[in-house]
Amino acid sequence: MIKKEKNKLNKLDYNIRLSRNICNKLLTYTIIVFSLISIIPLLLVLIYVLIKGGSQLNIDLFLLEPQPPGSQTGSAGGIGNAIIGTIIITAIASLIAVPIGVGGGIYLAEYSKGGFFSKFIRFGTNVLAGVPSIIAGVFIYAVVVVTKVIIGSSFSGVAGGMALSILMLPMVIKTTDEGLKLVSDDLRKGALGLGATMYTTIVEITLPHAFKSIATGIVLGLARAAGETAPLIFTALFSYYHISSFNDIFYEMSSLSVLIYNFALEPYSAQNQLAWAASFILIFIVLILNIFSRLFSRRKSY
Amino acid sequence: MTNKTKISLENVSISYGESEAVKNVYLKIPAGKVTAFIGPSGCGKSTILRSINRMNDLIEKCSLKGRVLYEGQDLYSPNIDPIEVRRKIGMVFQQPNPFPKSIYENIAFGARVNGYKGNMDELVERALRKAAVWDECKDKLKESGCSLSGGQQQRLCIARTIAIEPDVILMDEPCSALDPISTLKIEETMHQLKKSYTIVIVTHNMQQALRVSDITAFYNAEVASGKSGGKIGYLVESNDTEKLFNNPDQKETKDYISGKFG
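In structure tokens:
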């Protein structure tokens with residue numbers, strides 16, 4: 281009798297009928313289902329674009345200019361100029377955003393003493409990160425395109441780059457700031473204790489140490505900028521022609537995202553096909569950039 | 384030459400914001416000797432050490448009263464460049480902090496900072512030899528400084544400091560993160576170094592002070608009289624190490640050394 285009771289008390293077997301175990305199982309399965317659902321959109325988009333756009337891939341696509349809708353040739357041409365345009369516009373955007381962003385991040389992490397000014401900048405950066413991209417487009421439209429301040433050009437690749445740089449900037453500032461803050465203070469003290477100037481310490485010790493996270497931030501910022509449409513509609517507009525000289529960056533410039541926007545709405549199927557192909561290339565570029573950022577953050581440093 | 388004063392502190396008081404950390408320190412640090420700072424935690428010995436090469440400048444709200452004289456120049460007078468000060472008075476920290484670069488570059492960094500134009504290979508070897516770590520890393524100069532063991536890292540940091548060709552080397556508890564064998568090696572290094580440099584070392588280990596130093600300064604702390612209730616450090620006495628440990632002038636010193644408190 282006593283023995284039996286003792287057995288019952290010390291029983292450690294897993295009992296599936298206990299309400300807490302049922303609850304536990306149920307919730308576990310629920311979150312598994314939810315997390316599967318959350319990746320379904322990504323998979324569907326990828327697969328759909330792959331099928332629709334992947335089938336259009338050929339060498340002409342990368343070389344030719346797009347044909348205006350309704351042209352007699354029956355073929356919509358290629359997206360060569362849009363690929364180049366996207367690359368040029370994002371390059372201009374990073375030429376603006378990277379120096380300013382890295383500089384701002386260095387100020388925040390290394391020089392600021394946590395006073396009002398730096399708090400204000402950090403707050404401003406967070407706000408800027410939340411600004412809808414179309415606002416960045418309208419802003420550059422009003423400030424640069426309408427006023428023609430840049431050597432008299434109105435819609436231009438440069439204006440497009442400026443709009444995208446506004447979107448890249450907060451990401452670059454934040455990752456630089458955070459990357460530098462992760463660098464151990466011991467290293468900083470070590471360098472300064474040797475009589476190094478702030479400049480040498482930052483350039484030779486802290487920046488290289490934070491390089492991985494800064495590079496990751498820049499690449500992610502690029503990936504975000506490359507996919508934006510709204511800011512470009514207001515700034516770079518669109519062009520059907522290849523770039524032929526350096527001066528072309530001061531004129532309307534095509535980009536993949538605007539090409540998709542324009543051609544997807546056309547009633548002609550040839551243009552729609554081209555938009556699918558452009559979607560495929562754009563997703564591919566963004567994917568590659570993301571993989572690059574992964575490689576950067578995995579790269580072994582000393 | 385032997386009894387020349389390298390650094391002298393005249394009525395130095397240092398405070399962090401409102402609270403005073405250490406007050407009214409008068410101390411003469413002789414050239415070409417090892418001076419040890421001992422005392423309980425929170426008595427301001429590290430603070431005093433940092434004031435000698437103006438590392439306290441990097442700490443916010445840290446202010447200093449009194450004068451710190453290096454060969455007769457007041458280090459805190461407005462025309463002094465703290466960067467020049469740190470080049471003459473190098474510092475080794477408690478935690479070994481090699482830069483995430485190769486061993487070679489770790490040494491070359493300090494030398495380049497100092498505008499060294501000569502043969503870098505030679506200088507790297509000389510610095511590593513002086514810090515007694517050459518034999519252990521001569522075959523892996525291209526490897527990361529962080530791949531070395533803790534004791535080797537600390538000696539690398541000492542070598543890095545030597546490479547800027549300073550006049551004085553400050554060491555803030557250089558062995559507290561190390562095992563006894565590494566500690567012994569660092570102490571041997573110090574015996575070599577004092578032939579060419581003036582060394583000031585902060586240590587919690589009284590045996591170490593006894594082993595390496597010529598002069599020992601004993602600091603103590605008392606509860607501050609103000610409302611803050613914090614502790615204020617002060618210098619109790621500084622003397623030849625042998626005298627301080629065997630026959631101190633102050634009873635306080637004797638109590639601390641014999642382990643009656645602290």
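Chains as they are written, first to last, in the numbering used here: chain A, 281 to 582; chain B, 384 to 645.
The beta carbon of each residue, even a glycine, is placed where N, CA and C say it ideally should be.
For clarity, every value in this text was computed on a predicted model and none was experimentally measured.
Local conformation of residue i per DSSP, three classes
| i | result |
| --- | --- |
| B:Gly645 | Because B:Gly645 carries a pLDDT of 46, less than 50, the predicted location of this residue cannot be relied on, and the following value inherits that uncertainty. In this structure, B:Gly645 counts as coil in the three-state DSSP scheme. |
| B:Gly646 | A query on residue 646 of chain B cannot be resolved here, the shown segment of chain B reaching from 384 to 645 and no further. |
| A:Thr427 | coil |
| A:Ile296 | coil |
| A:Val452 | helix |
| B:Arg437 | coil |
| A:Pro511 | helix |
| B:Ser424 | coil |
| B:Glu443 | coil |
| B:Ile463 | coil |
| A:Val463 | coil |
| A:Val565 | Strictly speaking, residue 565 of chain A in this sequence is Ile, with Val absent from that position. DSSP places A:Ile565 in helix when its eight states are reduced to three. |
| B:Pro631 | coil |
| B:Leu392 | strand |
| A:Tyr328 | helix |
| B:Ser621 | strand |
| A:Glu546 | coil |
| B:Tyr409 | strand |
| B:Ile472 | strand |
| B:Ile397 | strand |
| B:Gly449 | strand |
| B:Met384 | With a pLDDT of only 40 at B:Met384, under the threshold of 50, the placement of this residue in the model should not be trusted; the figure read from the coordinates follows. Three-state DSSP puts B:Met384 in coil, outside helix and strand. |
| A:Ser519 | coil |
| A:Glu532 | coil |
| B:Ala414 | coil |
| B:Ala419 | strand |
| B:Glu403 | strand |
Close-in-space but distant-in-sequence residues of the same chain around residue i (CB under 8 Å, 5 per side omitted)
| i | result |
| --- | --- |
| B:Asn439 | Ile397, Thr430, Arg433, Cys445, Leu447 |
| A:Ser398 | Tyr387, Leu388, Ser392 |
| A:Pro511 | Ser413, Ile414, Ala416, Gly417, Ile420, Gly440, Ala443, Leu444, Ile446, Leu447 |
Residues near residue i by beta carbon distance below 6 Å, same chain, minus five either side
| i | result |
| --- | --- |
| B:Gln535 | Val516, Glu519 |
| A:Thr569 | Residue identity differs from the one stated: residue 569 of chain A is Leu in this sequence, not Thr. Excluding positions up to five away in sequence, the list reads Val499, Leu502, Ala503. |
| A:Pro450 | Thr405, Leu408, Ala409 |
| A:Met448 | Ala373, Ala377, Gly501, Ala505 |
| B:Val507 | Tyr487, Ile490 |
Pairwise C-alpha distance: residue j and residue i
| i | j | result |
| --- | --- | --- |
| A:Thr515 | A:Gln347 | 22 Å |
| A:Gly459 | B:Arg509 | 35 Å |
| A:Val463 | A:His489 | 7 Å |
| B:Ser530 | B:Ala414 | 35 Å |
| B:Gly613 | B:Lys626 | 31 Å |
| B:Val408 | B:Ser621 | 11 Å |
| A:Ile565 | A:Leu575 | 15 Å |
| B:Val475 | B:Val551 | 11 Å |
| B:Ile584 | B:Leu452 | 18 Å |
| A:Ala422 | A:Phe435 | 11 Å |
| A:Ile319 | A:Ile446 | 29 Å |
| A:Ile367 | A:Ile431 | 22 Å |
| A:Glu546 | A:Tyr520 | 15 Å |
| B:Leu392 | B:Arg450 | 6 Å |
| B:Glu467 | B:Asn480 | 21 Å |
| A:Ile296 | A:Thr310 | 17 Å |
| A:Asp250 | A:Asn301 | Nothing about residue 250 of chain A can be reported from this structure: the residues present for chain A run from 281 to 582 only. |
| B:Val417 | A:Gly470 | 22 Å |
| B:Gly645 | B:Glu403 | In this prediction, B:Gly645 has a pLDDT of 46, which is less than 50 and means its spatial position is unreliable; what the coordinates show is noted afterwards. C-alpha separation (whole angstroms): 21 Å. |
| B:Gly422 | B:Phe601 | 6 Å |
| B:Ile412 | B:Ala514 | 22 Å |
| B:Ser559 | B:Thr566 | 8 Å |
| B:Pro631 | B:Leu593 | 13 Å |
| B:Glu570 | B:Gly528 | 21 Å |
Own chain partners of residue i with C-beta closer than 7 Å, once the 5 adjacent residues on each side are dropped
| i | result |
| --- | --- |
| A:Ile498 | Ser374, Val378, Val452 |
| B:Thr385 | With a pLDDT of only 48 at B:Thr385, under 50, the local geometry of the prediction cannot be trusted, and the value read off the model is given with reservation. These residues qualify, in order along the chain: Gly415. |
| B:Glu556 | Gln477, Val585, Thr586, His587 |
| A:Ala544 | Asn552, Ala555 |
Proximity test, residue i beta-carbon vs the ligand SAH heavy atom, cut-off 7 Å
| i | result |
| --- | --- |
| B:Arg512 | The ligand SAH is not part of this structure, which contains no ligands at all. |
Complete runs of the alpha helix (DSSP H) confined to the segment 468–508 of chain A [at least 4 residues]: DSSP runs (the alpha helix (DSSP H)) wholly in the segment 468–508 of chain A: 487–506.
Let me know the beta strand (DSSP E) ranges lying completely inside the segment 383–425 of chain A, each 3 residues or longer, listed in chain order. Runs of the beta strand (DSSP E) lying entirely within the segment 383–425 of chain A, each at least 3 residues long, are absent.
Inter-stretch contact (C-beta, 8 Å, three-pair minimum) for the segment 480–487 of chain A and the segment 332–349 of chain A: Three or more beta-carbon pairs separated by less than 8 Å are not found between the segment 480–487 of chain A and the segment 332–349 of chain A, which leaves the two stretches without contact.
Touching by the beta-carbon criterion (3+ pairs, under 8 Å), the segment 559–566 of chain A and the segment 397–415 of chain A: Fewer than three beta-carbon pairs drawn from the segment 559–566 of chain A and the segment 397–415 of chain A are found closer than 8 Å, and the two stretches are therefore not classed as touching.
Please give me, in chain order, every unbroken run of the alpha helix (DSSP H) with length at least 4 that falls completely inside the segment 531–618 of chain B. DSSP assignment within the segment 531–618 of chain B yields the following whole alpha helix (DSSP H) runs of 4 residues or more, N-terminal first: 533–546, 563–576, 589–595.
Using 8 Å as the threshold, is the segment 430–444 of chain A in touch with the segment 506–523 of chain A, meaning 3 or more CB pairs across them? Verdict: yes, contact present.
Could you say if the segment 480–495 of chain B and the segment 538–547 of chain B meet the contact criterion of at least three C-beta pairs nearer than 8 Å? Judged by Cβ distances under 8 Å, the segment 480–495 of chain B makes contact with the segment 538–547 of chain B, as three or more pairs qualify.
Please confirm if the segment 522–538 of chain A is in contact with the segment 354–362 of chain A, defined as three or more CB-CB distances below 8 Å between the two stretches. Yes, the segment 522–538 of chain A touches the segment 354–362 of chain A.
Run through the segment 310–376 of chain A for me and flag every whole beta strand (DSSP E) of 3 or more residues, listed as ranges in chain order. Here no run is fully enclosed.
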